[in-house]
Amino acid sequence: QVQLVESGGGLVQPGGSLRVSCSASGLLISFSRYTMSWHRQAPGKERELVATITREFLTNYADSVKGRFTISRDNAKNTVYLQMDSLNPEDTAVYYCNAVYSVSFWGQGTQVTVSS
Numbered sequence: 001q002v003q004l005v006e007s008g009g010g011l012v013q014p015g016g017s018l019r020v021s022c023s024a025s026g027l028l029i030s031f032s033r034y035t036m037s038w039h040r041q042a043p044g045k046e047r048e049l050v051a052t053i054t055r056e057f058l059t060n061y062a063d064s065v066k067g068r069f070t071i072s073r074d075n076a077k078n079t080v081y082l083q084m085d086s087l088n089p090e091d092t093a094v095y096y097c098n099a100v101y102s103v104s105f106w107g108q109g110t111q112v113t114v115s116s
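In C-alpha cells:
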C-alpha cells in the first residue's frame, strides 16, 4: 500500500521560514523514478501546483513562489522537501505531496498557516 506522509507544517509569522517533508513508502518501483511535486489548497480556492522536481532533479515553480521556495529530494530517504522562505499570509494553505509514475499518489496534506 503506497503511502505519502507529509510533515513539518505549522504556524509561522510573516517573513519566516518553514520546511515541509513528504516521506514515501510502499512504492512498487524505486522512489527515484517518480516525479514529485508539492501542491497547496487555500480555503475556498482550487488546489494549485507549487513546485515540481523530476527524477533528473529538474525543478519548476509557480510564479507566486519563485525565489522564495525550494523543492529538493533525497532518494536514499524516499523523501521530498519544500523549503519555504519569506512566507506571507497568502501562502496559508494545506500543502499536499504528489508522486507520479504512470499513476498518481497523494498525501493527506499538512497545514501551513502564516499569521502574526
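Everything in the sequence shown is counted per the working numbering, starting at 1 for the first residue and increasing by one. By construction, the Cβ of each residue, glycine as well, lies at the ideal position given by its N, Cα and C atoms.
Cβ-heavy atom distance, residue i to the ligand MG, below 6 Å
| i | result |
| --- | --- |
| T35 | The model depicted lacks the ligand MG and carries no ligand whatsoever. |
Opposing strand residues paired with residue i [DSSP bridges]
| i | result |
| --- | --- |
| L4 | A24 |
| S102 | The partner list for S102 (beta bridge, DSSP) is empty, contrary to what the question assumes. |
| G67 | DSSP lists no partner for G67. |
| R40 | E48 and Y95 |
| T123 | Residue 123 cannot be examined here, being either before or after the span of the chain that is shown, 1 to 116. |
| L11 | T113 |
| T35 | V100 |
Other residues of its chain near residue i: CB distance less than 6 Å, five sequence neighbours each side excluded
| i | result |
| --- | --- |
| Q13 | S116 |
| T59 | I53 and I71 |
| Q41 | R47, A93 and V94 |
| Q1 | G26 |
| F105 | V2, L4 and A99 |
Member of the options whose CA lies at the smallest distance from the CA of residue i
| i | options | result |
| --- | --- | --- |
| A76 | W38, S7 and S23 | S23 |
| V50 | M84, S102 and E6 | M84 |
| V112 | Y101, E56 and R19 | R19 |
| K66 | D91, T110 and V80 | D91 |
| H39 | R33, Y61, S102 and G10 | Y61 |
Neighbourhood of residue i by C-beta distance below 7 Å, restricted to the same chain and skipping five residues each side
| i | result |
| --- | --- |
| S86 | G15 and R68 |
Residue i burial status per 10 Å Cβ neighbour count (16 or more: buried)
| i | result |
| --- | --- |
| N98 | buried |
| F31 | buried |
| A107 | The question names Ala, but residue 107 is Gly in the sequence shown. It is buried - the Cβ of G107 has at least 16 other Cβ atoms within 10 Å. |
| E6 | buried |
| S64 | exposed |
| V114 | buried |
Interface flag, residue i vs chain D, CB-CB below 7 Å
| i | result |
| --- | --- |
| P43 | Going by chain labels, chain D is absent from the structure shown, which holds only one protein chain. |
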